[in-house]
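Single-structure report; data block below.
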Amino acid sequence: MDTLLFVIMFILGLIGSFFSGLLGIGGAIINYPLLLYVPSLMGLEPFSAHEVSSISMFQVFFASLAGVIAYLRRTRNGNKSEAFIHKGLVAYMGSSILVGSLIGGFISGHLNEEVINLIYGILAIIAIMLMLIPGKGTEGSGGHLVFNTYVAAGSALAVGVVSGIVGAGGAFILIPIMLTVLRIPTRTTIASSLAIVFISAIGGVVGKILGGDIPLEPIIYTVIGSLLGASLGSKVSSMINVRLLRYGLMVLIAFTAVKVWSSIL
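Just so we're aligned, residue 17 is where the sequence shown starts under this note's numbering, counting upward by one.
Shown next, in the form of structure tokens:
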């Protein structure tokens, strides 16, 4: 086993999945640029955009799974105000994003690296713009929600395609849509998005396997870190004001957008 590779990939998986549990994201919004730049800075062979996309998707799969389990565990223990996964929302958006991520994960193997990075950069800018629009989701997490099912399914399908290409679960663009367009309460958005992202990651992983470029050893090391980080993040999430969670997500997206676009330009 390459010790340096293990340490670096473990730490990157830990960081990405920590923010997954903290903010309801799959972690790829953070890990994608980190995987592009950090390994080469630490003396490792740099990963291609296709390899980064594959590693990110597998990390998203396990990080979102761990996050969902942590939320459900707290809910079963009686802390329903802290986490609420809306089954209807997950059904509509989850089924659509699954189809989209299957398509995106497969076609990513036929795109060059510049196109993949460009798509990632565009997604990050769109997410920032959505988060800056006033009148986002409310602070509550009630069980009765009224939302446009066509908009929910259509937006999830589109997000699934593009996120499947870059190896993301899509939460970093899905969350702003749920908050701003569908007007879903913040904590319901965070909890439900993890379930939706997990479904998306299933399709993305299958698509990546079919498309090829699967660096198995780095994936295993990253996943090990992810399993620890997501649980820690979800515990910290319940201790932080939801407004801070939202602002934290905006800062993370802005940081990664600048980093990726600086490499593109």
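Where a beta carbon is used, it is the ideal one built from N, C-alpha and C, also for glycine.
Element boundaries [alpha helix (DSSP H), containing residue i]
i           : result
residue 190 : 187-192
residue 197 : Looking at the DSSP string, residue 197 is not in any alpha helix (DSSP H), and its letter there is neither H nor E.
residue 64  : Element bounds for residue 64: n/a, residue is neither H nor E.
residue 283 : One cannot answer for residue 283 here, as it falls past the ends of the chain, which runs 17 to 281.
residue 181 : 165-182
residue 117 : 103-123
Within 7 Å, strictly: CB atoms of residue i and residue j
i           : j           : result
residue 234 : residue 46  : no
residue 163 : residue 139 : no
residue 118 : residue 186 : no
residue 208 : residue 106 : yes
residue 249 : residue 30  : no
residue 85  : residue 269 : no
residue 237 : residue 35  : no
residue 63  : residue 50  : no
With 16 other Cβ atoms within 10 Å as the buried cut-off, status of residue i
i           : result
residue 190 : buried
residue 274 : exposed
residue 263 : exposed
residue 56  : exposed
residue 278 : exposed
residue 25  : buried
residue 108 : buried
residue 104 : exposed
residue 28  : buried
residue 148 : exposed
residue 267 : exposed
residue 228 : exposed
residue 38  : buried
residue 226 : exposed
residue 283 : Here the chain covers residues 17 to 281 and nothing more, so residue 283 does not appear.
Neighbourhood of residue i by C-beta, 7 Å cutoff - its chain only, sequence neighbours within 5 removed
i           : result
residue 215 : 110, 113, 114
residue 256 : none
residue 102 : 161, 204, 208
residue 276 : 49, 133, 136, 137, 140
residue 240 : 26, 29
residue 142 : 189
residue 130 : none
residue 165 : 108
Cutoff 8 Å; reference residue i; Cβ partners in own chain excluding five residues on either side
i           : result
residue 132 : 65, 66, 69, 124, 181, 182
residue 20  : 58, 59, 60
residue 221 : 73, 74, 77, 121
residue 173 : 112, 113, 115, 116
residue 18  : 233
residue 167 : 197, 198
residue 126 : 227
Same chain, Cβ closer than 6 Å to residue i, five either side skipped, listed in chain order
i           : result
residue 157 : The predicted model places residue 157 with a pLDDT of 49, which falls under 50 and marks its position as unreliable; any figure quoted below should be read in that light. The residues are 100, 201, 203, 204.
residue 224 : 70, 73, 121
residue 282 : Since the first residue shown for the chain is 17 and the last is 281, residue 282 is missing from the structure and cannot be characterised.
residue 230 : 70
residue 177 : 116, 119, 120
residue 217 : 76, 77, 80, 185
residue 169 : 108, 112
Chain D within 7 Å of residue i, Cβ atoms only
i           : result
residue 180 : Annotation note: the requested chain D is absent from the structure, which comprises a single protein chain.
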